[in-house]
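Q:
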Amino acid sequence: MGKLLYSATMSLDGFIAGPGGDMSWAVPYLGPNPVVGELIGDIGALLVGARTFGGDDPHRGTEKEGKPFGGGWEGPQFVLTHHAPAEPVPGVTFVADLAGGVAAAKAASGEKYVNVLGATVGRECLEAGLLDEIFVCIAPVLLGGGIRLFDRPDGKPVRLERLHQSEAPGATNLWLRVLG
């Protein structure tokens, strides 16, 4: 089965969303990025946090809103939540527990990546020892507050190994392997 990859666009000071989950700051940095373009083709399923699914969208208010990667990707989505909507959402499965969500997303992804979206789900996957890799596009901006890429109150470090680093217009890409 495929690997679990946590990916995000992050400000230089470590935030993936601004205060209140605002993602509009990221729009100027979502331009052409060959590494992201290649990654999108390697994603078989998404494992998404409830907050991310419910509205932390840089394309809010546009025709791209609610579409993964601004409409650049289609496939099965698994949303981790304890409050599934009453009405089904096409292509989306709501799961109540991390282990079940990861298993379902891996089964749906085949040999491709399960792309983890959302800070809380990313942290939970990491703490459960399920996360294989992290891909971050570092945008040249300081937000000063918001939702961090990774926030762990105990401050215990997580060892990573750099697999790849590259430059793209408006971002520096880092691809890392989780060592533990």
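Position in the sequence shown (from 1) plus 204 gives the number in the working numbering.
Beta carbons are placed, not taken as given, at the ideal position from N, Cα and C, and that holds for glycine.
Taking 7 Å as the limit between beta carbons, can you name the residues of its chain near Gly-276, skipping five residues before and five after?
A: Along the sequence shown, one-based indexing puts residue 276 at 72. Hits under 7 Å: Ile-244.
Q: Mind the definition here: the stretch 207-223 touches the stretch 347-355 only if three or more C-beta pairs lie below 8 Å; say whether that holds.
A: Yes: at least three Cβ pairs fall under 8 Å.
Q: What are the complete beta strand (DSSP E) segments, minimum 3 residues, inside the stretch 221-286?
A: Qualifying beta strand (DSSP E) stretches, in chain order: 247-253 and 281-284.
Q: Closest by CA to Ala-249, which one among Asp-358, His-286, Ala-307 and Arg-327?
A: Position 45 of the sequence shown, counting from 1, holds the residue named residue 249. It is Ala-307.
Q: Candidates Leu-321, His-287 and Gly-225: which alpha carbon is nearest Lys-271's?
A: On the sequence shown, position 67 is the one that residue 271 refers to. Selected option, being the one with the closest Cα: Leu-321.
Q: Which residue comes first and which comes last in the beta strand (DSSP E) that contains Val-306?
A: In the sequence shown, the residue the question calls residue 306 occupies position 102. Here Val-306 belongs to no beta strand (DSSP E); instead the alpha helix (DSSP H) covers 302-313.
Q: Residues in its own chain within less than 6 Å of Ala-309 by CB, not counting five upstream and five downstream?
A: Position 105 of the sequence shown holds residue 309. For Ala-309, where only same-chain residues beyond five positions count, the Cβ hits under 6 Å are Ala-249, Leu-251, Phe-282 and Val-318.
Q: Buried or exposed: Leu-346, going by 16 or more other Cβ atoms within 10 Å of its Cβ?
A: Position 142 of the sequence shown, counted from the first residue, corresponds to residue 346. Exposed, since its Cβ has fewer than 16 Cβ neighbours within 10 Å.
Q: Three-state secondary structure (DSSP) at Arg-327?
A: Residue numbering aside, residue 327 sits at position 123 when the sequence shown is read from its first letter. If DSSP states are grouped into helix, strand and coil, Arg-327 belongs with the helices.
Q: Helix, strand or coil, according to DSSP, for Glu-365 in the structure here?
A: Counting from one through the sequence shown, the residue named residue 365 turns up at place 161. Strand.
Q: Could you please give the first and the last residue of the uninterrupted beta strand (DSSP E) stretch that includes Glu-337?
A: Position 133 of the sequence shown, counted from the first residue, corresponds to residue 337. Element bounds for Glu-337: 337-343.
Q: Output needed for Gly-350: all residues of its chain with C-beta closer than 6 Å, excluding positions within five of it in sequence on either side, in chain order.
A: As a position in the sequence shown, residue 350 is number 146, starting the count at 1. Contacts found: Phe-219, Ala-221, Gly-222 and Pro-223.
Q: Would you call Gly-334 buried or exposed, if buried means 16 or more other Cβ atoms sit within 10 Å of its Cβ?
A: As a working note, residue 334 is residue 130 in the sequence shown. The question names Gly, but residue 334 is Leu in the sequence shown. Leu-334 is buried by the Cβ-count criterion.
Q: Need the endpoints of the beta strand (DSSP E) that Phe-298 sits in, please.
A: If you number the sequence shown from 1, residue 298 lands on position 94. Counting along the chain, the beta strand (DSSP E) containing Phe-298 begins and ends at 296-299.
Q: Here's the rule: buried if 16 or more other CB atoms are within 10 angstroms of the residue's CB, otherwise exposed. What is Ser-211?
A: Position 7 of the sequence shown, counting from 1, holds the residue named residue 211. Result: buried.
Q: Are Cys-329 and Leu-208 closer than 8 Å when you measure CB to CB?
A: Position 125 of the sequence shown, counting from 1, holds the residue named residue 329. Position 4 of the sequence shown, counting from 1, holds the residue named residue 208. Cβ distance < 8 Å, so Cys-329 and Leu-208 count as in contact.
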